[in-house]
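*Asks:* The structure follows.
2 protein chains.
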Amino acid sequence: MSSLEHEVLAAVLQVRSRSLQVLLWQRARDPHAGRWSLPGGKLRHDEDVETSVRRQLAEKVDVRQLSHVEQLAVFSAPDRVPGPRVIATAFLGLVPSDNDPEVPADTRWFCVDALPPTAFDHGAIVLRARDRLRSKLSYTNLGFALAPPTFTISELRDIYSAALGYRVSATNLQRVLSRRGQLEPTGETAVSGPSGGRPAALFRFTCRDMQVTDAFAVLRPPSLRK
Amino acid sequence: MSSLEHEVLAAVLQVRSRSLQVLLWQRARDPHAGRWSLPGGKLRHDEDVETSVRRQLAEKVDVRQLSHVEQLAVFSAPDRVPGPRVIATAFLGLVPSDNDPEVPADTRWFCVDALPPTAFDHGAIVLRARDRLRSKLSYTNLGFALAPPTFTISELRDIYSAALGYRVSATNLQRVLSRRGQLEPTGETAVSGPSGGRPAALFRFTCRDMQVTDAFAVLRPPSLRK
DNA sequence: ACAAAAGTGTTTGAATTACACCCATGA
DNA sequence: TCATGGGTGTAATTCAAACACTTTTGT
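Line order of the protein sequences matches chains A and F. Take the first sequence: its letter number 36 is residue 36 in the UniProt record's numbering, and every next letter is one higher. Take the second sequence: its letter number 214 is residue 214 in the UniProt record's numbering, and every next letter is one higher.
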């Protein structure tokens, strides 16, 4: 019989310097020496895939502050990597923008829209992660996973703009998230900037577990209004 | 080293008798003898998971008319099945409502809202498949995968109602799908029923590959209007 | 006072639901 | 001509984008 391995791979995304970035690791050895790949590794016999990906990120790249982890897809083409067959479960991982995890020397953050040459099918996985995040920002409360514990609406606007890849209006962002009950004011206010301006109120997300906040776009169940 | 197997499992859904049903197979042997399980089986060394699930459905339960197949998730708990470890990739499969595939004697269709005792984690997979379908009916053209090649709006309404689990209005269904360009008239009309009534126009889906038709619910990119 | 940044009020527009009404057919 | 669906017109509603305007601060 032929051998079979299972690995987990994570596209860890974070908003850094006002752009959405992914953590990649440069391969030292062939195959694909010099190319950039996703952190991850072999699945152990006593752990499920999510436990595994959290463990490996903590061990290998010191990413312990994952605010959200979710499965993306299985990549299983028989020749996706040379040598013995390896099936991969790919994950999306998110880190709040106020964290700056220690990462080893051979890893770097890259803007998801300007990836370096990637190993194997890892480039496709990054794009899949990016698209998943962008979709879910629209109909879930997933913003909590990118934002610090408390923030001003302007800061949140910058985070959403970076993640979505286009300018978002602070006004409308606040209204949409408030209407859905995602935001609550802390009561505190931030200090004004050096050039003046009204001090901004601080907010936090009401919930830090992912929830669908805008389920049915159309074909809603009949309303119960009498 | 410990052995590792990979299997694929499919929740095959179809609208039958105005309800959303799933194809299950009754286990003859322990473990979980008598319980109902999802069709599927071991992954071969030369095929990817989607190829495998299509092959196994064709071989084992004679389901060849799959109109749509997509990955749901990986189930990887170390003890999810007794004995040697098996990781499963679960799929959602859809069959148009006008097909009635030949299935073996030990398989039966069950309403997804009234499942029999299921084996292992298969019950959870069925519910995941049901929820995925219901979500995607709202923001993609996935209705094509449940509908016959041509249909009246009333027939389509019955299919959507069964799949979603609540009454859908034919009027609004037609308008939503038409506005999105999913439907086109064939020019033909169906014959009137035995009790009279205006003959219904026949429609078809313009596209039979899955496409997202209603991407951003909110936080849309800024409009380009001048 | 003035500039700068935050926050609110209000208009506009699009999408969807709800519902009344008209149309085509069989008996 | 009437019952039985099929199909269209249209109001009401909801939600979000756009933008003008007010508020609060630093200089």
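Glycine residues also receive a C-beta, built at the ideal position from the N, C-alpha and C atoms.
When the Cα atoms are used, what is the spatial distance from K42 of chain A to F205 of chain F?
*Replies:* Counted from its first residue, the first sequence places residue 42 of chain A at position 42. Counted from its first residue, the second sequence places residue 205 of chain F at position 205. Roughly 44 Å separates the two Cα atoms.
*Asks:* Who are I87 of chain A's beta bridge partners in DSSP?
*Replies:* The residue given as residue 87 of chain A occupies position 87 in the first sequence. A:H6.
*Asks:* Mind checking if residue 301 of chain F is an interface residue toward chain A, Cβ cutoff 8 Å exclusive?
*Replies:* With chain F covering only 1 through 226, there is no way to say anything about residue 301 of chain F.
*Asks:* Assuming V212 of chain A is part of the alpha helix (DSSP H), what are its boundary residues?
*Replies:* Reading the first sequence from its first residue, position 212 is the one you call residue 212 of chain A. Careful: V212 of chain A lies outside any alpha helix (DSSP H) and carries neither H nor E.
*Asks:* Which of helix, strand or coil does DSSP assign to Q174 of chain F?
*Replies:* Residue numbering aside, residue 174 of chain F sits at position 174 when the second sequence is read from its first letter. Q174 of chain F: helix per DSSP, three-state reduction.
*Asks:* Just to confirm my understanding: we take T150 of chain F, look at its own chain, exclude 5 residues before and 5 after, and list those with CB closer than 6 Å. What are they?
*Replies:* For this step, residue 150 of chain F is matched to residue 150 along the second sequence. Result list for T150 of chain F: T186, L202 and R204, in chain order.
*Asks:* Quick check: the Cα distance between V103 of chain F and L38 of chain F, rounded to an integer number of angstroms?
*Replies:* Position 103 of the second sequence, counting from 1, holds the residue named residue 103 of chain F. Position 38 of the second sequence, counting from 1, holds the residue named residue 38 of chain F. Those two C-alpha atoms are separated by around 13 Å.
*Asks:* What does DSSP give as the partner residue(s) for R16 of chain A in the beta ladder?
*Replies:* Here residue 16 of chain A corresponds to residue number 16 of the first sequence, with the count starting at 1. The partner list for R16 of chain A (beta bridge, DSSP) reads A:S19.
*Asks:* Along the chain, where does the alpha helix (DSSP H) containing V126 of chain F start, and where does it finish?
*Replies:* Here residue 126 of chain F refers to the residue found at position 126 when the second sequence is read from its first residue. V126 of chain F -> alpha helix (DSSP H) spans H122 to Y139.
*Asks:* Roughly how many angstroms lie between the CA atoms of R225 of chain A and K60 of chain A, to the nearest whole one?
*Replies:* As a working mapping, residue 225 of chain A is identified with position 225 in the first sequence. As a working mapping, residue 60 of chain A is identified with position 60 in the first sequence. Summary for R225 of chain A: the model assigns pLDDT 42, below 50, so the residue's position carries little reliability; its value from the coordinates is reported in the next sentence. Whole-angstrom Cα-Cα distance: 55 Å.
*Asks:* Spatial neighbours of S67 of chain F within its chain, please: C-beta separation below 8 Å, excluding the five flanking residues on both sides.
*Replies:* In the second sequence, residue 67 of chain F corresponds to position 67, counting from 1. Excluding sequence neighbours, S67 of chain F sits near L94, V95, P96, F144, A145, L146 and R208.
*Asks:* Rounded to the nearest angstrom, what separates D158 of chain A and G83 of chain A at their Cα positions?
*Replies:* Along the first sequence, one-based indexing puts residue 158 of chain A at 158. Along the first sequence, one-based indexing puts residue 83 of chain A at 83. The straight-line gap from Cα to Cα measures roughly 44 Å.
*Asks:* On a CA-only basis, which of A:I125, A:S76 and A:Q174 is nearest I87 of chain F? Give me that one, please.
*Replies:* Taking the second sequence and counting its residues from 1, the one referred to as residue 87 of chain F is at position 87. Of A:I125, A:S76 and A:Q174, the residue nearest in Cα terms is A:S76.
*Asks:* Does DSSP put V95 of chain F in a helix, a strand or coil?
*Replies:* Position 95 of the second sequence, counting from 1, holds the residue named residue 95 of chain F. V95 of chain F falls in the coil class under three-state DSSP.
*Asks:* According to DSSP, which residues form a beta bridge with G41 of chain F?
*Replies:* Taking the first residue of the second sequence as 1, we reach residue 41 of chain F at position 41. F:V8.
*Asks:* Assuming the contact rule is C-beta atoms closer than 8 Å, W25 of chain F and P117 of chain F should be a hit. Round their C-beta distance to whole Å, please.
*Replies:* Within the second sequence, the letter at position 25 stands for residue 25 of chain F. Within the second sequence, the letter at position 117 stands for residue 117 of chain F. Between P117 of chain F and W25 of chain F the Cβ distance is about 13 Å, and since that is not below 8 Å, they are no contact.
*Asks:* Skipping 5 residues on each side, what residues in its chain have a beta carbon closer than 7 Å to that of T140 of chain F?
*Replies:* Against the second sequence, residue 140 of chain F aligns to sequence position 140. Here the set comprises M210, Q211, V212 and T213.
*Asks:* Can you pull out the residues from the region 72-87 of chain A whose beta carbon lies closer than 9 Å to at least one beta carbon of chain F?
*Replies:* The region 72-87 of chain A vs chain F, Cβ under 9 Å: A73, V74, F75, S76, A77, P78, R80, R85 and I87.
*Asks:* Closer than 8 Å by C-beta to D106 of chain F: which residues in its own chain qualify, once you throw out the five before and the five after it? Chain order, please.
*Replies:* Position 106 of the second sequence, counted from the first residue, corresponds to residue 106 of chain F. Excluding residues within five positions, the ones whose Cβ falls inside 8 Å are W25, Q26 and A28.
*Asks:* Who are the neighbours of S176 of chain A on chain F, taking C-beta pairs under 9 Å?
*Replies:* For the purposes of this step, residue 176 of chain A is taken as the residue at position 176 of the first sequence. Looking at the sequence itself, residue 176 of chain A is Val, so the reference to Ser does not match. Correct list: V218 and L219.
*Asks:* Using beta carbons (cut-off 8 Å, strictly below), is D214 of chain A in contact with chain F?
*Replies:* Taking the first sequence and counting its residues from 1, one reaches residue 214 of chain A at position 214. Output row for D214 of chain A: interface = yes.
*Asks:* Could you pull the DSSP bridge partners for S102 of chain F from this structure?
*Replies:* For the purposes of this step, residue 102 of chain F is taken as residue 102 along the second sequence, with counting starting at 1. Strictly speaking, residue 102 of chain F in this sequence is Glu, with Ser absent from that position. DSSP, once it has assigned bridges, lists no residue as partnering E102 of chain F.
*Asks:* Can you tell me whether R55 of chain F is helix, strand or coil according to DSSP?
*Replies:* As a working note, residue 55 of chain F is residue 55 in the second sequence. Helix, per DSSP.
*Asks:* I want to see whether chain A comes within less than 8 Å of R225 of chain F, judged by CB atoms only; does it?
*Replies:* Position 225 of the second sequence holds residue 225 of chain F. Bear in mind that a pLDDT of 41 at R225 of chain F, under 50, signals an unreliable position, so the number given afterwards is only what the model happens to contain. By this cut-off, R225 of chain F is not an interface position.
*Asks:* In three-state terms, what does DSSP make of R208 of chain A?
*Replies:* Counting from 1 along the first sequence, the entry for residue 208 of chain A is found at position 208. Reduced to three states, the DSSP call for R208 of chain A is coil.
*Asks:* Identify the contact partners of L4 of chain A in chain F, using a Cβ-Cβ distance below 9 Å as the criterion.
*Replies:* Residue numbering aside, residue 4 of chain A sits at position 4 when the first sequence is read from its first letter. In chain order: S3, L4, E5, H6, L43 and H45.
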